[in-house]
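K.L.:
Chains as they are written, first to last, in the working numbering: chain A, -19 to 149; chain B, -19 to 149.
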DNA sequence: TCCAAACCCTTGGATGTCCTAGTATATTGC
DNA sequence: GCAATATACTAGGACATCCAAGGGTTTGGA
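Below, the structure written as structure tokens:
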């Protein structure tokens, strides 16, 4: 997107909020906006690393999830729940992964409503390679200090729990 | 998307990473994944609040930016830089806002390449109302503690600066 | 037993984001 | 002064996300 700005646009927004008398919510506004922007940056990095593998983040997440499934297969609704995305998003991702022969659909043995998705051999291999690349080029160079990582995991974990993502812990 | 999961899927992923011998990057992976998911939750909240106004977050951000512009108008490329999105995304947002009579395009007085965007009276009014709603229903109830907000602003600010978003500060 | 309610997946539509390319206007350098 | 380069916006296409709605399957209560 281009050249660095001379000043932090989010800090500017925070100052604008304060100037307009919304000082009580200026800081949370800045924090939330920063999260939105950080996600955008991280997503761009991830997509850049995955592109050579012909994967997007959404498809990679599904491959990775399947690669960790004990049985090697998951019902679509289970995948939707674990990835915390809309069922139609999973349908979309599976359509494309299936076309690329990385996963396969199969009927559930006892429940006629359910469709199972399973990694193909190619899918499993590609998942391994893509994970190695992400580990080396993104997660291993996040730019966050160890203490900050711990803090983020804790604070955002609490947030996600309070938002209803999960119960325990 | 539904019922809370019994366990945190991101904590599970972190355990899977450790189990596979990627313990050195498991924590950053979890932190990054948590940022992605938190963004999704926050975006959903924001869109819910904006929906009654007929706005999306992308369009709201543009309205808000214009409402703070001293001159009351901004070149599209300036808006693109400040919002940190691709120029075509701004074109898209302006198209829809213009159709809704919330902003207007006008030619730049001296540079024939440039298009200025300006709030209409309706646009200015709607921006005010939408901001009040977001302040009350999202930013004012972020769920983050004051200390966590400060920490997020600082950590993510450093991250964004290192990522090339801006220079100073 | 049987029908209504619940559940699962897919299709179609609306939005947003990015990339690539194309057109028009400015600026720069020879 | 003019050609080459740079900049600004837009058009078209690929993807992802969500919502609404539809068709098939299961479950549960009358």
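Backbone N, C-alpha and C define an ideal beta-carbon position, used for all residues, glycine too.
In chain order, what residues of the same chain have a beta carbon less than 7 Å from the beta carbon of residue 30/B, not counting five sequence neighbours either side?
P.N.:
For the purposes of this step, residue 30/B is identified with residue 50 of the second chain, where counting begins at 1. So the qualifying residues of the chain are 36, 37, 40 and 110.
K.L.:
At the 7 Å Cβ level, is residue 71/A part of the contact set with chain B, yes or no?
P.N.:
In the first chain, counting from the first residue as 1, residue 71/A sits at position 91. Answer no: the Cβ-Cβ gap between residue 71/A and chain B never drops below 7 Å.
K.L.:
Taking the alpha carbon of residue 138/A as the point to measure from, which residue in -18/B, -17/B and -10/B has its own alpha carbon closest?
P.N.:
The count along the first chain starts at 1 and reaches residue 138/A at position 158. Checked all of -18/B, -17/B and -10/B; the closest Cα to residue 138/A is -10/B.
K.L.:
Quick check for students: name the residue ranges of the alpha helix (DSSP H) that lie wholly in the region 69 to 126 of chain A, counting only runs of 4 or more.
P.N.:
Correct list: 101 to 117.
K.L.:
Residue -7/B: buried (16+ other C-beta within 10 angstroms of its C-beta) or exposed?
P.N.:
Residue mapping note: residue -7/B aligns to position 13 of the second chain, counting from 1. Flag for residue -7/B reads buried.
K.L.:
Quick one, which of -5/A, -4/A, 9/A and -2/A has its alpha-carbon nearest residue 128/B's?
P.N.:
The residue given as residue 128/B occupies position 148 in the second chain. Selected option, being the one with the closest Cα: 9/A.
K.L.:
Report yes or no: is there a C-beta of chain A within less than 7 Å of the C-beta of residue 3/B?
P.N.:
Position 23 of the second chain, counted from the start, is the residue given in the question as residue 3/B. Chain A, which has no Cβ nearer than 7 Å to the Cβ of residue 3/B, makes this no.
K.L.:
Can you check which of these residues, 136/A, 142/A and 148/A, is closest to residue 15/A by C-alpha distance?
P.N.:
If you number the first chain from 1, residue 15/A lands on position 35. Ranking the options by Cα distance to residue 15/A, first place goes to 136/A.
K.L.:
How about residue -16/A and residue 119/B: do their beta carbons lie closer than 7 Å?
P.N.:
Along the first chain, read from residue 1 onward, the residue named residue -16/A stands at position 4. Along the second chain, read from residue 1 onward, the residue named residue 119/B stands at position 139. The answer is no: Cβ separation not under 7 Å.
K.L.:
My guess is that residue 99/A and residue 83/A are in contact by the Cβ rule of under 8 Å, so how many angstroms apart are they, rounded?
P.N.:
Walking along the first chain from the start, residue 99/A turns up at place 119. Walking along the first chain from the start, residue 83/A turns up at place 103. Residue 99/A to residue 83/A, Cβ: 6 Å. Contact.
K.L.:
Whose C-beta lies closer than 6 Å to the C-beta of residue 70/A among residues of the same chain, with five residues either side of it excluded?
P.N.:
Translated into the one-based positions of the first chain, residue 70/A becomes position 90. If we look at residue 70/A and ignore the five residues flanking it on each side, its Cβ neighbours are 56, 59 and 60.
K.L.:
Check the Cβ-Cβ distances between residue 87/B and every residue of chain A, and say whether any is below 7 Å.
P.N.:
Within the second chain, residue 87/B is the residue found at index 107, counting from 1. With 7 Å as the cut-off, residue 87/B does not count as an interface residue toward chain A.
K.L.:
Report yes or no: is there a C-beta of chain B within less than 7 Å of the C-beta of residue 11/A?
P.N.:
What you label residue 11/A is simply residue 31 of the first chain in a count that begins at 1. Yes, because at least one Cβ of chain B sits closer than 7 Å to the Cβ of residue 11/A.
K.L.:
In whole angstroms, give me the CA-to-CA distance for residue 80/A and residue 89/B.
P.N.:
Along the first chain, read from residue 1 onward, the residue named residue 80/A stands at position 100. Along the second chain, read from residue 1 onward, the residue named residue 89/B stands at position 109. Rounded to the nearest angstrom, the two C-alpha atoms are 52 Å apart.
K.L.:
Along chain A, in chain order, which residues have C-beta atoms closer than 8 Å to that of residue 8/B?
P.N.:
Taking the second chain and counting its residues from 1, the one referred to as residue 8/B is at position 28. Within chain A, the residues near residue 8/B are 119, 120, 122, 124 and 129.
K.L.:
To which residues does DSSP link residue 46/A through a beta bridge?
P.N.:
Taking the first residue of the first chain as position 1, residue 46/A is located at position 66. In the DSSP output, where bridge partners are listed per residue, residue 46/A has none listed.
K.L.:
Looking only at C-alpha atoms, which of 7/B, 87/B, 144/B and 53/B sits nearest to residue 101/B?
P.N.:
Taking the second chain and counting its residues from 1, the one referred to as residue 101/B is at position 121. Ranking the options by Cα distance to residue 101/B, first place goes to 53/B.
K.L.:
Is the Cβ of residue 146/A closer than 7 Å to any Cβ of chain B?
P.N.:
Locating residue 146/A in the first chain gives position 166, where the first residue counts as 1. So yes, residue 146/A belongs to the interface.
K.L.:
Judging by CA-CA distance, which residue of 106/B, 121/B and 48/B is the nearest neighbour of residue -4/A?
P.N.:
Looking up residue -4/A in the first chain gives position 16. Closest by alpha carbon: 48/B.
K.L.:
For the beta strand (DSSP E) that contains residue 54/A, what are its first and last residues?
P.N.:
Counted from its first residue, the first chain places residue 54/A at position 74. Taken as a continuous stretch (DSSP letters only), the beta strand (DSSP E) holding residue 54/A covers 53 to 55.
K.L.:
Mind listing which residues of the region 51 to 85 of chain B have their C-beta closer than 8 Å to chain A's C-betas, in chain order?
P.N.:
Listed in sequence order: 60, 61, 62, 63, 64, 65 and 66.
K.L.:
I'd like to confirm the pairing. Which residues does DSSP put opposite residue 62/A in its beta bridges?
P.N.:
Counting from 1 along the first chain, the entry for residue 62/A is found at position 82. Per DSSP, none; premise fails for residue 62/A.
K.L.:
Exposed or buried, residue 13/A, counting other C-beta atoms within 10 Å across all chains shown (16 or more means buried)?
P.N.:
By one-based count along the first chain, residue 13/A stands at place 33. Answer is buried; the Cβ neighbour count reaches 16.
K.L.:
Give me whichever residues DSSP pairs with residue 146/B in a beta bridge.
P.N.:
Counting from 1 along the second chain, the entry for residue 146/B is found at position 166. DSSP, once it has assigned bridges, lists -15/A as partnering residue 146/B.
K.L.:
I think residue 114/B touches residue 11/A, with their Cβ atoms under 8 Å apart; what is that distance to the nearest whole Å?
P.N.:
Against the second chain, residue 114/B aligns to sequence position 134. Against the first chain, residue 11/A aligns to sequence position 31. About 14 Å separates the two Cβ atoms, so there is no contact after all.
K.L.:
I need the boundaries of the alpha helix (DSSP H) containing residue 3/A, first residue and last residue.
P.N.:
Within the first chain, the letter at position 23 stands for residue 3/A. Segment 3 to 30, the alpha helix (DSSP H) holding residue 3/A.
K.L.:
Residue 112/A and residue 43/A - do their beta-carbons sit closer together than 7 Å?
P.N.:
By one-based count along the first chain, residue 43/A stands at place 63. By one-based count along the first chain, residue 112/A stands at place 132. Going by C-beta atoms, residue 43/A is not nearer than 7 Å to residue 112/A.
K.L.:
Note down, in chain order, each residue of its chain lying with its Cβ closer than 8 Å to the Cβ of residue 45/B, except the 5 sequence neighbours on either side.
P.N.:
Start at 1 with the first residue of the second chain, and residue 45/B comes out as number 65. So the list reads 54, 59, 62 and 63, once near-sequence residues are dropped.
K.L.:
Using the beta-carbon of each residue, which ones in chain A are nearer than 7 Å to residue 48/B?
P.N.:
For this step, residue 48/B is matched to residue 68 along the second chain. Residues of chain A passing the Cβ test: -4.
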